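Each remark here refers to the structure printed beneath this line.
Number of protein chains: 2
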Amino acid sequence: MCAMDTADRPAAGRGPCAAIPAEQMDSVRQMLDRIGDKWSMLVIAVLEAGPLRYTDLQREVPGISQRMLTVTVRQLQQDGLVTRTAYAEVPPRVEYALTPTGRSLHHVVTSLITWVADHHSQIREHRTQVEDAGTT
Amino acid sequence: MCAMDTADRPAAGRGPCAAIPAEQMDSVRQMLDRIGDKWSMLVIAVLEAGPLRYTDLQREVPGISQRMLTVTVRQLQQDGLVTRTAYAEVPPRVEYALTPTGRSLHHVVTSLITWVADHHSQIREHRTQVEDAGTT
DNA sequence: CTGGATCCACTTGGATACTG
DNA sequence: CAGTATCCAAGTGGATCCAG
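Chains C and Z, in that order, give the protein sequences.
In terms of the UniProt record's numbering, the first sequence is residues 1 to 136.
In terms of the UniProt record's numbering, the second sequence is residues 1 to 136.
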């Protein structure tokens with residue numbers, strides 16, 4: 001897969017499929033601002049196992065504050081990645097679930113988590129090595 | 001992986017492998033703070049096509065400021081994702097390239113870009129729909 | 001050319017308290 | 001239970017000037 005088409009390569013002539021088609025560039029950046037923030041990915045990952053209510057969601061994503069949970073799910077809702085279903089019951093119950101679009105993120109989330117699992121120790125190691133090198 | 005099985009299920013007790021192993025949870029969050037920031041992914045994506053020098057890098061990532069480019073590449077360097085090679089020439093030349101670890105991110109970057117390409121218009125659409133609904 | 005350094009606006013995110 | 005509102009600290013990121 002060659003990252004979409006080769007519309008134009010104005011920059012240095014670096015082969016047929018240099019990087020991102022540069023039109024996508026901006027879209028990618030925008031979406032990174034959304035799903036690449038501190039919590040969205042985690043919420044999505046957690047919701048992939050099935051719908052969850054507010055409190056459960058907060059418990060499944062350790063460290064998230066009420067504020068950020070609220071903000072995050074509302075954004076994801078606006079983007080059409082999750083749905084919010086409120087049941088008018090005596091103890092209010094609200095359930096969040098992934099939309100098909102949200103579920104389509106599965107592959108991205110999975111590959112990310114897999115990668116992190118494979119490399120995070122290596123990266124932490126390298127980070128301290130660099131610090132130690134400065135001690136010389 | 002287990003995060004994708006049994007889509008329907010009561011919310012509460014969700015079994016032993018609900019989503020992320022919860023030890024990974026924190027690692028994933030930390031790494032998201034790194035590679036999920038505004039520019040790292042873009043820089044990595046651009047570098048996948050081959051080494052680039054500072055100025056070229058800045059041109060290939062439209063919108064990035066000098067400061068953020070410097071900050072970003074330095075972080076990626078600390079994490080062992082890119083290398084920085086300075087040539088002691090008359091006009092200083094510095095080249096940045098991916099390390100094997102950095103290259104291992106390829107799959108993540110690719111699936112992300114692909115996903116964005118597939119869904120960003122849909123998301124933008126949904127976002128405006130929500131806004132319009134509020135106008136009612 | 002390749003940055004480092006500084007100033008500053010804006011955003012993110014946590015803590016807390018309060019509401020339906 | 002499921003939020004909302006507010007305050008506040010820290011970080012992000014852009015612009016600009018400066019230096020090797």
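Backbone N, C-alpha and C fix where the C-beta goes; we use that ideal spot for every residue, glycine too.
Bear in mind that the values here come from a model prediction, so they are computed numbers and not experimental data.
Residue from the options with nearest C-alpha to residue i
| i | options | result |
| --- | --- | --- |
| residue 28 of chain Z | C:128, C:130, C:116, C:89 | C:116 |
| residue 106 of chain C | C:56, C:40, C:67, C:52 | C:40 |
| residue 81 of chain Z | Z:128, Z:48, Z:87 | Z:48 |
| residue 26 of chain Z | C:128, C:121, C:89 | C:121 |
| residue 128 of chain C | Z:123, Z:75, Z:103 | Z:75 |
| residue 95 of chain Z | Z:69, Z:34, Z:87 | Z:87 |
| residue 102 of chain C | Z:92, Z:119, Z:113 | Z:119 |
| residue 125 of chain C | Z:78, Z:92, Z:110, Z:112 | Z:78 |
| residue 100 of chain C | C:123, C:32, C:113, C:50 | C:50 |
| residue 59 of chain C | Z:110, Z:30, Z:22 | Z:22 |
| residue 104 of chain C | C:123, C:70, C:71, C:45 | C:45 |
Backbone CA spacing between residue i and residue j [nearest angstrom]
| i | j | result |
| --- | --- | --- |
| residue 83 of chain C | residue 98 of chain C | 6 Å |
| residue 43 of chain Z | residue 90 of chain C | 51 Å |
| residue 56 of chain C | residue 36 of chain C | 22 Å |
| residue 132 of chain C | residue 63 of chain C | 30 Å |
| residue 66 of chain Z | residue 73 of chain Z | 11 Å |
| residue 54 of chain Z | residue 93 of chain Z | 8 Å |
| residue 68 of chain C | residue 33 of chain Z | 15 Å |
| residue 85 of chain C | residue 52 of chain C | 10 Å |
| residue 61 of chain Z | residue 114 of chain C | 27 Å |
| residue 5 of chain C | residue 111 of chain Z | Any reading at residue 5 of chain C must be qualified, since the residue scores a pLDDT of 39, below 50, and its modelled position is unreliable; the value itself is stated next. Residue 5 of chain C and residue 111 of chain Z: Cα-Cα distance of roughly 16 Å. |
| residue 24 of chain C | residue 108 of chain Z | 16 Å |
| residue 71 of chain C | residue 31 of chain C | 16 Å |
| residue 38 of chain C | residue 130 of chain C | 25 Å |
| residue 123 of chain C | residue 123 of chain Z | 33 Å |
Three-way DSSP call (helix, strand, coil) for residue i in this model
| i | result |
| --- | --- |
| residue 9 of chain Z | Summary for residue 9 of chain Z: the model assigns pLDDT 41, below 50, so the residue's position carries little reliability; its value from the coordinates is reported in the next sentence. The answer is coil: DSSP assigns residue 9 of chain Z none of H, G, I, E or B. |
| residue 132 of chain C | helix |
| residue 4 of chain Z | The pLDDT assigned to residue 4 of chain Z is 42, lower than 50, so where the model puts this residue is not dependable; a value taken from the coordinates is nonetheless given after this. Three-state DSSP puts residue 4 of chain Z in coil, outside helix and strand. |
| residue 126 of chain Z | helix |
Which runs of the alpha helix (DSSP H) spanning at least 4 residues fall entirely within the UniProt domain "HTH hxlR-type" (17-124) of chain C, listed in chain order?
Taking only runs of at least 4 residues, the alpha helix (DSSP H) segments lying wholly in the UniProt domain "HTH hxlR-type" (17-124) of chain C are 24-35, 40-47, 54-60, 66-78, 100-103.
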